[in-house]
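Protein chains in written order, with the numbering used here: chain V, 9 to 242; chain R, 2 to 207; chain B, 42 to 661; chain W, 279 to 527. Here the structure is laid out as C-alpha cells; the discussion comes afterwards.
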Amino acid sequence: MSLFDLGAADLIGGLLGLTVTMAVFSHFIGDNTAFRLVLHIFIGVAAGYIVVVVAYNVLWPKLMRPVLEADGWELLWAGLPLFFSLLLFSRLFPRYSILGSPVLAFIVGVGAAAAIGGAVVGVIFPQARATINLFDLDTIRQNQGNVNMALVNGSIILVGTISSLAYFHFGVRKQAGAKTQRPDWMEWLAQVGQGFIVIAFGLIFAGIYAAALAALIERMSSITRFIYSLIAGF
Amino acid sequence: MKSNPFVYLLVAIAIASGATVLVGYFFPSLAGIKGEMLDWAVIFTAVLLLIGVISLVRTHWRKIMQDQKDRAYSLVLIISFTTTLLVAVLSGPTSKWSMWLYNNLIIPIESSLLGILAVFLIYACARLFNQRMNFYTLVFIGTVLLAMLGWLTIPGVELEGFKDFRDWLSSVWAVAGVRGIMLGVGLGTVAAGLRILIGADRPYGG
Amino acid sequence: MEIVICPFCGKENQPESETCRYCQARLMPLKINPASQPDLIGRSPEEETPAKLKEDQVSESQDGLQAAGEMRRSGAPPASEASDWLSVFRNQINTQDLSPQPAALDDGPQPELREIHQDFEAGAMQDDSSLSLPFEDAGQKEEGPPENLVVGPQDVERTGDEAVDDLAWLRELQSQYQQVEGLSSAESKKGEDWSAANELSQDSQKRGDEQVPSWVEEIYAGPLHEEEAASDLGLSPAELPSWLDATRPSGTHQDIFGIPADYGGQVEIAGPLAGLPGILPAEPEIALGRKAAAYPAQLQVTETNRLQAEIFDQVLQSEGQNQPNPDRGLVTSQKVMRMAFAVIIIFAILVPVFSLQTLERYQPIAPVAVLSASQIISSIGNESPVLVAVEYEPGFSGELDAALAAVLDHLMIQGAFLVFVSSNPSGPLQAEHIVAVSNQVGSHQYVNTESQNEYINLGFIPGGPAGLRNFAENPRLSNPSDISGEPAWQNPVMMPIDDINDFSLVIVASENQDKSRAWIEQASPLLVNAPLIYVVSAQSEPLIRPFFDASPRQVQGIVSGVIGSVQYGATIGRQGIAELYWPSFNSGLLAAAILIVVGGGANALLVLSANKNGRKKGGN
Amino acid sequence: MTTASLAGIIFLLLFGGLIIYFARFKPGSSHSSLRDIPAFSKIRRGIGLAVEAGQRLHLALGHGGIAGFKGGSGLIGLSLLERIARAASNSDRPPVATSGEASLTFLSQDTFKSVYRLMYAESQYDSEAGQLTGLTPFSYAAGAILVVNDPQVSTNVFAGHFGSEIGLIIDAAEQNDSLTSGGSDDLQAQAILYAAAQEPLVGEELYAAGAYLQVNPYHLASVRAQDIVRWALAGGILAGAILKAFGLI
C-alpha cells in the first residue's frame, strides 16, 4: 500500500495548502516572516516546474533531437542553433559575457520585427477593420438585426474609438506665454475619449475583482471543507 | 554611436535579422525564412530561460555563502527549486507526485495571492477620490458599481434592467474605449520596434 | 664614517678631500698666512675697472664666504684677545666723529651717503631683540649677546655729532687690517662669536654698500622697519584666536626647523646671492648628521577643543553606520482600513457557506453566448477530437476551473476525445489539474473504447503568437510528442488530423485578453467549419465580447466566470462547482459594492471639506 | 501580395520615414512641445530623489519579453532603464530593475553595463542590478514584492507587460509608502494602475516615456510621427465607415 493510497498524501497536502494559505493571508497585517518564507518557496517551486516543461517541450524536441537525428550536411544546419546557444552560456561569466551579445542582438532584432508585425497585422488593421465593418448594412440585414440600433451602436463605437485615439495626442503648439495646450477642438475630443477609456477601465476592473473574489472563495471553501473533513474524521 | 567596431556588428545583426523577419510578414514567399528565424528566437529564448534560472539560483547561493541578510530564505528557495526539479525530472512533469506538489503548493499560493488582491482592489477603489478628485473618477466608480450590480442576484430585487444596461455598456462603450487604447498601444509598439530596426535604440549593450 | 656634502652641488665627499670631486668647489677652508697675501691690502677701489671689479667682488665674496664660513665653523676668537683689540677699536672710534654735520647732509652731493649713514645709525640704535627674526619667540632672549658688547644708544649719540673725517683712506686701511686680524684668529665658540661676525658683516656690508645697488638695500632695510611701519599705522599686533594659538607648536624655532636663530642677520658672502642677508643657508649644518629634532608629542589642546574633536569624531563614525529604519508602527490608518475591508469581505463570503443558503430559485437567465456554446457542445459526437487550449494561470483556478469544468463535464458526457495544449509554460500542468477536477463534477463512464485513453496532453507551444500560427498550420510538426515525451499522433483518433480545422471543436480557456486575442488572430482565420468557444474570466469578457458580436462571428460562444458557469450548468441541468461558489460570490459582490459606496463617499466628503478649509484659509 | 500586405508596407515605410525625417532634419525643441503628463514629472522627481537623497529607484519590466505585441512595452522599459541608469547610477543606492523573463533580465544587465562604461565607471557595475525574480507571472510578482519591501526603495516605475498580478506589487509599494507610477500594454494591468497607482500612464502614454524623459532625439521624433499617423488612421477609419455605410466598399 503506497502512501498515496492511504490518503495520507491528501491529508498532508491539505495541511500544506491550509498552512500556505494562512501564511499568505497574514499579509493583511503587514510584511512578516511567514509571508516571505512562502513567497520564496513559491518562486523556487514555480522555477523548477518551468525549467522541466521548457526542457521537455522546447530544448529537447527543437534543439537536441534535430542534432542527434541529423547527419551529413543537415548536421551543420541543425548544429548552428546549438552553437549559438552555447555562446549564450557565456552570460554566466561576466568577463566573457560579451560573446553572448551577438545572439542577444539577434533576439532583439527578431523580437522587434515580431512586435511590429504583431501590432500591424494583429491589432491596428483588425481593430480598424472591425470598426469600419460595424456599418456593413448588408450583413446587419442578413443577421435580422435592428439596423437603426446597429447604426447607433456603430456610431457610438466610431466616435469612441476616434476620440480615445485623439486623447493620446501629445504634440502641442507653443504660444508665447500661453499655457501649452492642444487646440480647443482636440482638447474637447480628448475629454470625450477619456470618458470612453474610463468606462472600459471600470468594466475591466470589476471583472478583475470578480476573478479575484472567485479565487478568495475557492480558498475559503477548500479550507472550510478540509477543516470540516478533519472534524468529521475524528 | 561609439567607435567600438563590435557595436557596429551588433547593430548590423539586429537590423538585418529584424528586417528579414518583418519582410516575411508581408511577403508570403519569405514566410519560410521568417518561420525559421522565429523558431531560432524561440530556442534562444528558452536557452536564456535556462541560463536565467541558473543565475537566479547562483545569486541566492552566493547570499548563503556570503552570510548575507535573509540567507535563510535563499536556502528555502534553493531547496524548493531542487526538490521540484528532481520530482518533475525523475517522475515526469505530470506524474502523480508532480501534480501533488502542483495542487498543494502552486495553486493554493497563487489563489491566495489573487485572493488578497481582491481586498486591495476594493480598498484602492474606495480611496480613489483621495487620489484624484475629478469627474472621471466618478465615472470610473459608477461603472464599477454598475458592472457589479449586473452580476448580482438579490432575492426580491429586480436587477434585470441593470444587467441589460451593463451588457450594452460592455459591448458598445467599453469596446470603443478598448479599441482606442489598443490602436494607441499599437502605434507605440510599432514606433518602439522601428527605433530598434533603424539602430536608434540598442538595448543589447551597443 | 663621516661624510661631507658639497655645499654647491650637494654631492658627498670624503672628509679629508679639500675640493669637491664633482664641481671642484672648495670644501676645506683656505689656510691663509699674512705673508702670502700682500696684495689684499692697500688696493683702493678706484683703481679697479668695472668688469674687473665685478670679478673681484665675486672672488672676494667667495673668499669672504669661506672666511665667514670658516669663522662660523671655527667660531669667535677666544674671549681675552677679542676684548684687547675691541678696546683699541673703541678708543679709535671715540677720537673720530662718524656722524656727518646736518649741513653736509643737506647739500651732500650723494644722497646714498646720507642713507648709508642713517642705516648705520638705525642699525646701531636697535637693541638686540629687534634683530631677532619675526617668527622667533620671546624664549630666545636669554641667549642674547653679553652686556659689554652692546653698543648702547648713548655711545652712538656722542660720536654722531662730529663732522665726517676726510682720512677715509685711513679708516679703510684699518677695516682691512681688522679683516686680516679676524682671519688669523683661533677657533671661537658659536654663541660668543655672533658680535664679531655681526660687526664684520656690518663693515663689509658698509664697504659693500657703496657698490651695492639701491634695490638690494630696500630688501635689506625692509624686514627691519616692518614692525615700526605697523606701529606707525596704528595697527595693534594680531590677536591670535585661542584655537589657532593652541595649535602652534611649543618648541623653539631652532628645535623645529633646525636653523640657527641668528641666521637672519648673516650676509651671504659667496655664490650668486653674495651680499644678500637672510638667505636660506645651504650650510653644512644641515648636511651634518644631527639627531632629529624631538617634536612635542602632545598638542596643547583645551577642553573645548577636545569636546569639539570628539563630536567631530562621532559624526564621522555615524556616517558609516546604517540608519536604524524608523520602526513603522505595526498598525497605521492604512493598515486598519485594509484589515477592516478584509474582515468584512471574508465574513460576507463565509456567511452563505455556513447558512447553507442556496440560490437555485434565483437561477440567472442564460445569455445568448452561453446558450450558443451549450448547443454547439451538445452536437459533438462520440470520439470527436476536441482541442482544449488551457491558457490561464494557476491563480485563476478558482474562477476558471468552475467554468471549464462545467464545459468539460458536458464534453465527457458526449464522449468527446480531449486534446489539451497550451502556450503558457504552466498550462500542461493546469490541464492535468482540470481533468481531475472535471472528473469529480459528476459520475462519468468516460473511457475511450479503442485507445483506452480519455485524453492526450500535447504540452507547451513555445514562441507566442508565431508559435500558435505554426501549431494551427501544422500541429504534428509543432508538437510531435506529448508532455511525457511519447509520440502523440499514433492514437487512432489523432490520425486524421493535419491542421487545426480537422478538430471538431476548439475551446480556449484564458484569463488574459492577449492570449485570447492571439488565438483569434492566428487560429480563427484557418477555422472554416470548426467552431471556436471561449471560456474566459470575468476580467477579459468585455474584450472578447466584440468578437462574438461581430458579424460574421469570429467566436461562436462565451462562458464567462462563475456566473457563466452557473448559467451553463443550468442549460444542461448539471450542478458544477460554481453552484457551491455562487452564494458566496453574490454576497462578496454585494459587500464590495457597499464598501465602495460607503468608503468612496466618506473619502469624497473628506476631500471636499479639506478643499473648503484650504480655500477658507487661503481666503483669510 | 495581398492588399493588406501592401497597406502594411506603405504604413511602415510612412511611419519609419517620418521618424527619421523628424529626428534628422527637424529635431524640434525640447520636450516642452509635448502636453503635460503629471506622471513623468513624478518619475523625474523620483530619479532626483534617487540621486540626492540616496534612495533607490525600482523599475519593474514585467514578464512580456521583447517578442510579439507585448514586446513593445518591454523595449520601452529598457529605454527608460537606460535614462534612469544614466541619471541615478552614481547615487549611493543605484536603481534596480526586476523582470520575469530571462531575455529582459540579460538586456537590462547589458543596459546597466553600457551606461557604466559610458561613464568610465565599469568597475561599479553590479550584475544584480538587473534581477530575474520569478519565471511565472505570479512568482515574478512575488519576487518583485520582496524587492519593493526594501525600505530604501522610494519610487517604483512600471514599464512592461503585466497581468492582474501588478496589483500585488502596487499593494506592497503602498504599504512601503513609496511612489507608484507607470503603465503597461495589457488592459487588465492598466485598469489596476488607473485605480491603485498614484500616477498612472494610460495606454499609449507609456510609449512616450522616452520623449518626455529625453532618452534620445529619436523618441521625440517617434512621438511626433505617432501623432501624424494617429490622425491618418482616424481619418481612414472615419472615411471607411462612411464609405461602408453607403456600400461603396
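Every residue gets a Cβ at the ideal spot worked out from N, C-alpha and C, and that includes glycine. Fair warning: this is a prediction, and the values are worked out from it, not measured in the lab.
Check whether chain W comes within 8 Å of residue i, counting only Cβ atoms and requiring the distance to be less than that.
i, result
"B/PRO506", "yes"
"V/LEU145", "yes"
"B/GLN471", "no"
"R/PRO94", "no"
"R/PHE163", "no"
"R/ASP68", "no"
"V/PHE176", "yes"
"V/PRO110", "no"
"B/ASN644", "no"
Does the distance from the CB of residue i to the CB of residue j come in under 8 Å?
i, j, result
"B/ILE44", "B/PRO56", "yes"
"W/HIS341", "W/GLU379", "yes"
"B/PHE437", "V/ALA214", "no"
"W/ALA365", "W/PHE436", "no"
"R/LEU129", "W/PHE416", "no"
"V/THR147", "R/ALA177", "no"
"B/VAL411", "B/GLN531", "no"
"W/GLY461", "W/LEU491", "no"
"W/LEU396", "W/LEU356", "no"
"B/VAL576", "B/VAL448", "yes"
"B/GLY598", "B/ALA414", "yes"
"W/ALA328", "W/ARG334", "yes"
"W/VAL425", "W/ASN454", "no"
"B/ILE585", "V/LEU224", "no"
Please tell me whether residue i has its Cβ less than 8 Å away from any Cβ of chain R.
i, result
"V/ILE140", "no"
"V/ASN161", "yes"
"W/GLN504", "yes"
"B/PRO566", "no"
If we cut at 8 Å on Cβ distances, does residue i have a partner in chain B?
i, result
"V/VAL66", "yes"
"W/GLY346", "yes"
"W/PHE440", "no"
Are the C-beta atoms of residue i and some chain V residue less than 8 Å apart?
i, result
"B/VAL394", "yes"
"R/ILE117", "yes"
"B/GLY610", "no"
Tell me whether residue i counts as near the ligand ADP, meaning its Cβ is closer than 7 Å to at least one heavy atom of that ligand.
i, result
"W/TYR496", "With respect to the ligand ADP, the structure offers nothing, as it holds no ligand at all."
Compute the beta-carbon to beta-carbon distance between residue i and residue j, rounded to the nearest angstrom, for a pair I have assumed lies under 8 Å.
i, j, result
"R/PHE45", "V/SER93", "6 Å"
"V/ALA120", "R/LEU198", "6 Å"
"R/GLY181", "V/ILE205", "7 Å"
"B/LEU568", "B/ILE541", "7 Å"
Residues of chain D with CB under 9 Å from residue i, in chain order?
i, result
"V/THR232", "Of the protein chains in this structure, namely V, R, B and W, none is chain D."
>> Quick check: the region 8 to 17 of chain R against the region 109 to 124 of chain V, are at least 3 beta-carbon pairs closer than 8 Å?
In response: yes
>> If contact is defined by three or more beta carbon pairs under 8 Å, each pair taking one atom from either stretch, is the region 82 to 96 of chain R in contact with the region 464 to 478 of chain B?
In response: yes
>> If contact is defined by three or more beta carbon pairs under 8 Å, each pair taking one atom from either stretch, is the region 488 to 504 of chain W in contact with the region 292 to 301 of chain W?
In response: yes
>> Which runs of the alpha helix (DSSP H) at least 4 residues long sit entirely within the region 439 to 489 of chain B? Give them in chain order.
In response: 468 to 482
>> List, from N- to C-terminal side, the alpha helix (DSSP H) runs of 4 residues or more that fit wholly inside the region 75 to 110 of chain R.
In response: 97 to 102
>> So within the region 139 to 217 of chain V, which uninterrupted alpha helix (DSSP H) runs reach at least 4 residues, ignoring any that extend past its ends?
In response: 145 to 150 and 155 to 175
>> Report the start-end ranges of each alpha helix (DSSP H) in the region 313 to 386 of chain W that is 4 residues or longer and not cut off at the edges.
In response: 316 to 330 and 349 to 366
> Taking one C-beta from the region 148 to 158 of chain R and one from the region 627 to 640 of chain B each time, how about it: are there three or more such pairs within less than 8 Å?
Replying inline: yes
> Does the region 458 to 469 of chain B touch the region 421 to 431 of chain B, meaning 3 or more C-beta pairs lie closer than 8 Å?
Replying inline: yes
>> Could you check whether the region 35 to 44 of chain R touches the region 497 to 508 of chain B, counting it as contact only if at least three pairs of C-beta atoms, one from each stretch, sit closer than 8 Å?
In response: yes
> Would you call the region 70 to 87 of chain R and the region 54 to 61 of chain R in contact, with 3 or more CB pairs under 8 Å?
Replying inline: yes
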